[in-house]
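One structure below.
Numbering (this note's numbering), first residue to last: 50 to 468.
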């Protein structure tokens, strides 16, 4: 606090919130029917004022954006005048934003504390011990979700900073690093400018920076297909076939996971140089045909838990080993294949060392190298760099958002036979 007066005011507001929430819970506890609504539902209802106060700045930015859209769609109309009036009121209350947000946090803190006390101090009933046990379980779930939300907010901060900075003018980047640019100050032109900036590194006639995206897709797609095919074949052999030295060779394969990547970097480069593949895209995707140790281990553990009855039934029907692998086993390990495909895509999409080692021609570089072009010996185009980084990150975020169910399912079911 800047002075004792503000401290005492905050304490008074906290006590007032405490009393208000206690009265709120006491008066409406029967109507809310906590046992039917659920603990989190009751907390959401009683915490609505605090949530609105915390979201006060976001509401203001939405109002300004709405006013801007009203000016574009219906200039001088009723929508613009109404939005301008509401925006004017919000701007007049701008000095009180921090106080309102602080009050919102105090309200939520008091609400959580008093809600637990009110729930615990309810009238005694025959099933009181069940209610108290459920309270402990609910409290543990609430604490766990709060910890997870806090961790998610911390890990999301760099992404938020990247997106916010990509929309700022150059003079605002270092003055207010974490500030959200106002709608009227959004520099959406940073995104097309970031693509045009890459023209200096590409031959004349190339379609802006989209050439880098095309090169990345030409590497990612065949590499992912080769890894899935080779790793599943090797894993099937280690898990379902019996041959001399199988377990010993699998142990040697796992031991290769302890070798640093730098150990094999130079020998691999010399091999591709002798083949004449340097400065081409082949070294970046051909290596997918050599099954990696971790990929084989993941799929082998999944293969091991599939009942042998299915394999025996296929043999009775006259199926060979490859038919059993392709028509019986592969459909059963789809969750593991999906999880592996997502990890391969992320690794290949963000690979920087591979293109840097094997490729020298700019028109053959991938997207990660394109981000490096925004940095020079004298200066760095931070706004354009972060705009390009945002465009490069969004496909990965969207992919994981839509496929996270398969990713989690493939990881958690490994070792359980897909059950």
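For each residue, glycine too, the CB sits at the ideal point set by N, CA and C.
Determine the extent of the alpha helix (DSSP H) in which residue 300 is found, giving its start and end residues.
Here residue 300 refers to the residue found at position 251 of the chain shown. 295–304 is the extent of the alpha helix (DSSP H) around residue 300.
Can you tell me the Cα-Cα spacing of residue 384 and residue 223, whole angstroms?
One-based indexing of the chain shown puts residue 384 at position 335. One-based indexing of the chain shown puts residue 223 at position 174. Computed Cα separation, rounded: 45 Å.
Helix, strand or coil for residue 413? Go by DSSP, reduced to three states.
Stepping through the chain shown from its first residue, residue 413 is reached at position 364. DSSP places residue 413 in helix when its eight states are reduced to three.
DSSP state of residue 349, grouped into three classes?
As a position in the chain shown, residue 349 is number 300, starting the count at 1. If DSSP states are grouped into helix, strand and coil, residue 349 belongs with the helices.
Report yes or no: do the region 269–281 and the region 336–346 share at least 3 C-beta pairs separated by less than 8 Å?
Yes: at least three Cβ pairs fall under 8 Å.
Helix, strand or coil for residue 291, going by three-state DSSP, please let me know.
Numbered from 1 along the chain shown, position 242 holds the residue referred to as residue 291. The answer is coil: DSSP assigns residue 291 none of H, G, I, E or B.
Consult DSSP for residue 236 and reduce its assignment to one of helix, strand or coil.
Working through the chain shown from its first residue, we reach residue 236 at position 187. Three-state DSSP puts residue 236 in coil, outside helix and strand.
Could you tell me which of 283, 265, 193, 216 sits nearest to residue 379, measuring between CA atoms?
Numbered from 1 along the chain shown, position 330 holds the residue referred to as residue 379. If we check each option's Cα against that of residue 379, 283 comes out closest.
Counting C-beta neighbours from all protein chains within 10 Å, is the total for residue 341 16 or more, i.e. buried, or is it exposed?
For the purposes of this step, residue 341 is taken as residue 292 along the chain shown, with counting starting at 1. Answer is buried; the Cβ neighbour count reaches 16.
Does the region 240–248 come close enough to the region 427–440 that 3 or more CB-CB pairs lie under 8 Å?
Yes: the two stretches touch, three or more of their Cβ pairs being nearer than 8 Å.
What span of residues does the alpha helix (DSSP H) with residue 405 cover, start to end?
Position 356 of the chain shown, counted from the start, is the residue given in the question as residue 405. Looking at the DSSP string, the run of the alpha helix (DSSP H) that includes residue 405 is 402–407.
How many Å lie between residue 56 and residue 443 at the Cα?
Counting from 1 along the chain shown, the entry for residue 56 is found at position 7. Counting from 1 along the chain shown, the entry for residue 443 is found at position 394. Low confidence applies to residue 56: its pLDDT is 49, below 50, so where it sits in the model is not reliable, and the reading given next is rough at best. Straight-line Cα distance between these residues: approximately 43 Å.
Roughly how many angstroms lie between the CA atoms of residue 83 and residue 275, to the nearest whole one?
Taking the chain shown and counting its residues from 1, the one referred to as residue 83 is at position 34. Taking the chain shown and counting its residues from 1, the one referred to as residue 275 is at position 226. Caution is warranted here: a pLDDT of 44 is assigned to residue 83, below 50, making its placement in the model unreliable, and the coordinate value is therefore given only provisionally. For residue 83 and residue 275, the distance between alpha carbons rounds to 55 Å.
For the candidate residues 213, 265, 266, whose alpha-carbon lies nearest to that of residue 240?
Position 191 of the chain shown holds residue 240. Checking every option, the nearest Cα to that of residue 240 belongs to 213.
Do you know offhand how far residue 209's Cα is from residue 198's?
Taking the first residue of the chain shown as 1, we reach residue 209 at position 160. Taking the first residue of the chain shown as 1, we reach residue 198 at position 149. Using only the alpha carbons, I get a separation of about 15 Å.
Can you tell me the Cα-Cα spacing of residue 447 and residue 417, whole angstroms?
Counting from one through the chain shown, the residue named residue 447 turns up at place 398. Counting from one through the chain shown, the residue named residue 417 turns up at place 368. Whole-angstrom Cα-Cα distance: 18 Å.
My output table needs one value for residue 374: the three-state DSSP class, helix, strand or coil.
Here residue 374 is taken as the residue at index 325 of the chain shown, counted from 1. Three-state result, residue 374: helix.
Going by DSSP, name the residue or residues bridged to residue 199.
As a working note, residue 199 is residue 150 in the chain shown. Paired residue(s): none; residue 199 is not in a bridge.
Mapping the DSSP letters down to three states, classify residue 429 as helix, strand or coil.
Taking the first residue of the chain shown as 1, we reach residue 429 at position 380. Three-state DSSP puts residue 429 in a strand.
In angstroms, rounded to a whole number, what distance separates the CA positions of residue 371 and residue 278?
For the purposes of this step, residue 371 is taken as the residue at position 322 of the chain shown. For the purposes of this step, residue 278 is taken as the residue at position 229 of the chain shown. Cα to Cα, residue 371 sits roughly 12 Å from residue 278.
Tell me which residues share the same chain as residue 306 and place their Cβ nearer than 7 Å to its Cβ, disregarding the 5 neighbours each side in the sequence.
The residue given as residue 306 occupies position 257 in the chain shown. Answer for residue 306: 342, 343, listed in chain order.
Looking at C-beta atoms only, is the number of pairs between the region 282–298 and the region 344–364 that lie closer than 8 Å three or more?
Contact between the region 282–298 and the region 344–364 is present, because at least three Cβ pairs lie under 8 Å.
Can you give me the start and stop residues for the alpha helix (DSSP H) that residue 313 sits inside?
As a first step, residue 313 is located in the chain shown; it is residue number 264 there, counting from the start. It spans 310–323 - the alpha helix (DSSP H) in which residue 313 sits, taken as one unbroken run.
Identify, in the order they occur along the chain, each residue of the same chain with its Cβ nearer than 8 Å to the Cβ of residue 450, setting aside the five sequence neighbours on each side.
As a position in the chain shown, residue 450 is number 401, starting the count at 1. No residues qualify anywhere along the chain.
For residue 373, which residues of its own chain have a beta-carbon under 7 Å away from its beta-carbon, when the five flanking residues on both sides are left out?
In the chain shown, residue 373 corresponds to position 324, counting from 1. Correct list, in chain order: 360, 363.
Output the distance between the C-alpha atoms of residue 412 and residue 457, rounded to the nearest integer angstrom.
Counted from its first residue, the chain shown places residue 412 at position 363. Counted from its first residue, the chain shown places residue 457 at position 408. The straight-line gap from Cα to Cα measures roughly 37 Å.
Nearest CA to the CA of residue 220: which residue from 192, 376, 236, 396?
Reading the chain shown from its first residue, position 171 is the one you call residue 220. The option with the nearest alpha carbon to residue 220 is 236.
Who does residue 424 pair with in a DSSP beta bridge?
Position 375 of the chain shown holds residue 424. Answer is 429, bridged to residue 424.
Shortest alpha-carbon distance to residue 260 belongs to which of 211, 424, 419, 405?
Mapped onto the chain shown, residue 260 falls at position 211. That would be 419, whose Cα lies nearest to the Cα of residue 260.
Might you give, ordered along the chain, the residues of its own chain that have their beta carbon closer than 6 Å to the beta carbon of residue 401, omitting 5 neighbours on each side?
As a first step, residue 401 must be located in the chain shown, where it is residue number 352. So the qualifying residues of the chain are 417.
Which value, in whole angstroms, describes the spacing of the CA atoms of residue 50 and residue 194?
Taking the chain shown and counting its residues from 1, the one referred to as residue 50 is at position 1. Taking the chain shown and counting its residues from 1, the one referred to as residue 194 is at position 145. Note on residue 50: pLDDT 42, under 50, position unreliable in the model; the coordinate value appears next. About 30 Å.
Sorted by chain position, which residues of the same chain lie with C-beta nearer than 7 Å to residue 414's C-beta, five sequence neighbours on each side aside?
Position 365 of the chain shown, counting from 1, holds the residue named residue 414. Contacts found: 261, 264, 404, 408.
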